[in-house]
Each structure stands twice: as C-alpha cells, then as structure tokens.
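First comes the structure, then the notes that go with it.
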Amino acid sequence: MRKKRRRNKKSLPVIPLFFIASAGTAGFYVTKTAEGIGMGIVAYFVLYIAFKIWLKSLKTRKLRKSGIREVDKMTGEDFERFLGELFKRRGFKVSYTATSGDYGADLILKDGKDIIAVQAKRYSGTVGVKAVQEIIGAVKMYEATEAWVVTNSHFTRQAEKLADINDVYLIDRDELIQIMLNKR
1 MRKKRRRNKK SLPVIPLFFI ASAGTAGFYV TKTAEGIGMG IVAYFVLYIA
51 FKIWLKSLKT RKLRKSGIRE VDKMTGEDFE RFLGELFKRR GFKVSYTATS
101 GDYGADLILK DGKDIIAVQA KRYSGTVGVK AVQEIIGAVK MYEATEAWVV
151 TNSHFTRQAE KLADINDVYL IDRDELIQIM LNKR
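Per UniProt numbering, the very first residue in the sequence shown carries number 1; after that it's consecutive.
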C-alpha cells in the first residue's frame, strides 16, 4: 500500500504572503509612496473578499439549478444546503442546525408563526423509521409546530406508518422532484 503524501503545512502561508507583497509592491510602483503600499494591500483584501462572495453566490446558484441526478451525487451536507435554498425560494426563513448534536433536525423553517423541523436524508436506499423517530424528538426541542422528513429516495412502509401516527410529513423523491420543478 502506498503512503499518502502530506502537504508541507509551512509552505501554504507563503502563497497569500506573496500576493500581499505583490499588491503592496504594485501600490508602491503606481504611487511611488508608502501610502501606495497600504492602498495596494487594502485593494488586494477587497478583491479577495469580493472573490469569496462571488464564489459563494456561484455555489448557491449551482445548488438552485441542481436536478435530481445532481442531488443523488451530493453529500449529506450539500443536500441540506440544497433544501435550504429550495425552501428559501418558496418563501420560508431557513436556519441550519449544527452538524452534530442537532437533536434530529437539520433545518428549521419558519413561515409566519409556523416552525417546521426538517430532517434531510440523502440516501441511495430506502429511508427507515430511524429518520422519523429522530424528527419526532426534534419537535419538542425546537418547539416546532410541524415535522418533515425529506429524502431523494423513498420511505419504508414502517416509516410511513410511524410518520402517519405521529403527524410527520414525508417528502419522497417524487414529491421532491415536483417541488424542484415548482409544480407544488
């Protein structure tokens, strides 16, 4: 078995320092003053922040345009972000829970006085009762008025039965596609 190469962590800060120094040098070259160095560095940081914001908006647009096949390739965390963007587009205020210790809810949706706890399950197989049990526990924790489990797959009969008894709304692959197409 081959050993994985480790990156030299000491060389990583050199790249940003190079760009900062280049920006300062460019500022000095243009203005021929010490203030030009500062202006060049400030310009670099402004451009860097603008670039980061642009990348984030590009990622958000990509998530919004995703089809079900792209959803199937997403990680669980990407699926949660995708659902957040989808529900924002439908008028909900969306907040994300912590990735661990979330008490069974991945998203909290607010629509007026309704609070909806959402469990997101990006699965290749069927979703069982565990997902429904987790969201039932989250209802009290987040003082939610509704509980939903959303998947890119389908639910087992047992999960459907448990959800029916506990008033948990299940959104399976077919309904998710309809929501994505804005038909529902």
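In this text, a Cβ means the ideal position worked out from N, Cα and C, and glycines have one as well.
All values reported here derive from a predicted model rather than from experimental measurement.
Discussion item. Measuring only the C-alpha atoms, how far is M1 from V129?
Written reply: Note that M1 has pLDDT 41, beneath the 50 cutoff, so the model's placement of it is unreliable and no number is given.
Discussion item. Going by DSSP in three states, L181 sits in which element: helix, strand or coil?
Written reply: coil
Worksheet item: Taking DSSP as the reference, what is the three-state secondary structure of residue 188?
Response: Any question about residue 188 goes unanswered here, given that the chain covers just 1 to 184.
Discussion item. Which runs of the beta strand (DSSP E) at least 3 residues long sit entirely within the UniProt domain "Restriction endonuclease type IV Mrr" (71 to 180)? Give them in chain order.
Written reply: 93 to 96, 107 to 111, 114 to 121, 146 to 151, 168 to 171
Practice prompt. Evaluate K3 with the Cβ neighbour count: other Cβ atoms within 10 Å of its Cβ, from every protein chain shown; 16 or more gives buried, anything less gives exposed.
Written response: Bear in mind that the predicted position of K3 carries a pLDDT of just 43, short of 50, making it unreliable; the figure below should be weighed with that in mind. Counting Cβ neighbours within 10 Å, K3 comes out exposed, since fewer than 16 surround it.
Fill in: Inter-residue CB distance, G38 and A26 (contact presumed, cutoff 8 Å)
Rounded, the Cβ-Cβ distance is 12 Å, inconsistent with contact.
Practice prompt. Compare the beta carbon distance of D78 and N152 with 8 Å and say whether it is the shorter of the two.
Written response: no
Practice prompt. Given a cut-off of 8 Å, decide if A144 and A138 are closer than it, judged by their beta-carbon atoms.
Written response: yes
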